[in-house]
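Working notes, structure below.
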Amino acid sequence: MVQGIVNWSTELNEEWLQNYVDDWVAFYRKHTKDGEVASYIPKLQEANPHHLGITIIGNNGLEISSGDVEIPFTIQSISKVISFIVACMERGVSYVLDRVDVEPTGEAFNSIMHIEMNQVKKPFNPFVNAGAITITSMLNGNTSDEKLASILNMLEKMLGYRPVLDVDIYESERDSSMRNRAIGYYLLETGLLESDLNITLETYFKQCSIEISVHDLAKIGLILANDGFDPQRNEEIIPRQIARITKALMLTCGMYDASGKFATYVGVPAKSGVSGGIIAVAPPRVRDEAMPFLSGCGIGVFGPSLDDKGNSVAGIRLLRHIASQWDLSIF
Ligand code: GLU
């Protein structure tokens, strides 16, 4: 039975929070039937649409996991957060932002029309495919594996282990990539690519196929919640300015063309991907009353059944519930 109105000042112990999250994961799992798994990359269609899992890692050391948290999945568009951070660290923020803008589009992530219609000849932001492919072309390295290593090195620093590729998804993505190739050719024609087109696209398909867990997403979220600092290892991973710009982009452009609604109803920086993953970042809040994770947390969600915008249908509802009950909004 799900809990009703909660007095958080008396319910902040770990066991109670665990039961609370378990109840709501069970509740929102029913909502997975309201969406569909992605099918435009054939291999993604094999995901179980009923899966739903969440991990929350708090600055206070508290960690709550519930649901299908053991299922690995590919990072997909969430890799765009990492490649953007790496490009800014390798090239400098102004170099990157001179070439890719920071504006939301209101269009699908893989739209070709809007890049052509943009008067300023640069992609709208690093999280639409045109921007992400441009960013990937900036990464250090002369081969796709060298460029990918830049991303894997950063993930290794964040997660404490080096993730691997899901080769089946990579091959499926590479072999069904007509639209991304079309975007790549357009970028080539406009002079925006900084590396060979095929090397850039190979890197992009590989970076999207990195295998990750809900726990990993929560850990990345925790580092971003702390402006790039890992509170668990007491170490700066991302320079503060880059972490802050990344969060601004996540808030304005991270949830496809539902980013405005997500900012309004959930109110935290987030990034999703078509395999059903979401990273959400809840910075510390200043509140007088007791609330869970008041000192900030990172949240990872996985639910491969997607809504019509490409976001995890049950994952978004679960996040919206938790964010409103725990007052996680940054606004
Ligand atoms: N690899 C996917 C693509 O470029 C990533 C899309 C996404 O997760 O939004 O189509």
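Residue numbers for the sequence shown follow my numbering, beginning at 166 and rising by one.
Here a beta-carbon is modelled for each residue, glycine too, at the ideal position from N, C-alpha and C.
Note that the structure is predicted; figures quoted are calculated from it, not measured.
- Using a Cβ distance threshold of 8 Å, residue 378 and residue 207 do not count as a contacting pair.
- At the C-beta level, residue 274 and residue 441 stay beyond 8 Å of one another.
- Under the three-pair Cβ rule at 8 Å, the stretch 418-436 does not count as touching the stretch 172-188.
- In the structure shown, the three-state DSSP call for residue 211 is helix.
- With respect to the C-alpha of residue 366, the residue from 437, 287, 357, 339 having the closest C-alpha is 339.
- The residue among 493, 469, 257, 490 with its C-alpha nearest the C-alpha of residue 199 is 469.
- The beta-bridge partner set that DSSP reports for residue 441 is empty.
- Per DSSP, reduced to three states, the secondary structure at residue 477 is strand.
- With contacts defined as CB atoms closer than 8 Å, residue 374 and residue 270 fail to qualify as a contacting pair.
- Exclusion of the five residues before and after residue 216 leaves 233, 236, 467, 468, 469 as the residues of its chain whose Cβ lies within less than 7 Å of its Cβ.
- Residue 274 has its Cβ nearer than 7 Å to a heavy atom of ligand 1.
- Assigned with DSSP and collapsed to three states, residue 289 falls in coil, not helix or strand.
- For the pair residue 251 and residue 304, the CB atoms are nearer than the 8 Å cut-off.
- For residue 230, the uninterrupted beta strand (DSSP E) segment begins and ends at 228-232.
- Looking at 454, 317, 355, 407, the one whose alpha-carbon comes closest to that of residue 254 is 407.
- Residue 436 and residue 243 do touch by the CB rule: their CB atoms are close to 5 Å apart, below 8 Å.
- With three or more CB-CB distances shorter than 8 Å, the stretch 486-496 counts as touching the stretch 456-464.
- At a Cβ-Cβ threshold of 8 Å, residue 483 and residue 181 do not count as neighbours.
- DSSP places residue 192 inside the alpha helix (DSSP H), whose first and last residues are 179-194.
- Remark: the C-beta of residue 438 is in contact range of ligand 1, defined as less than 7 Å to any heavy atom.
- Remark: the shortest separation between the CB of residue 338 and any heavy atom of ligand 1 falls under 7 Å.
- Within the stretch 332-401, the complete alpha helix (DSSP H) segments of 4 residues or longer fall at 332-340, 343-354, 362-373, 379-390, listed in chain order.
- Using a 10 angstroms sphere on the CB of residue 345, the tally of other CB atoms reaches 16 or more, which defines it as buried.
- Looking from the CA of residue 247, the closest CA among 427, 479, 439, 389 belongs to 389.
- Contact check for residue 330 against residue 349 fails: the beta carbons are separated by 8 Å or more.
- Here DSSP, grouped into helix, strand and coil, assigns residue 465 to strand.
- Counting along the chain, the unbroken beta strand (DSSP E) around residue 220 starts and ends at 218-223.
- Between residue 444 and residue 480 a beta carbon distance of about 11 Å is seen, past the 8 Å cut, so the two are scored as non-contacting.
- Non-local beta-carbon contacts of residue 471 in its own chain, meaning distances under 8 Å to residues more than five positions away in sequence, involve 200, 201, 202, 203, 439, 441, 477, 478 in chain order.
- Under the three-state reduction of DSSP, residue 423 is assigned to helix.
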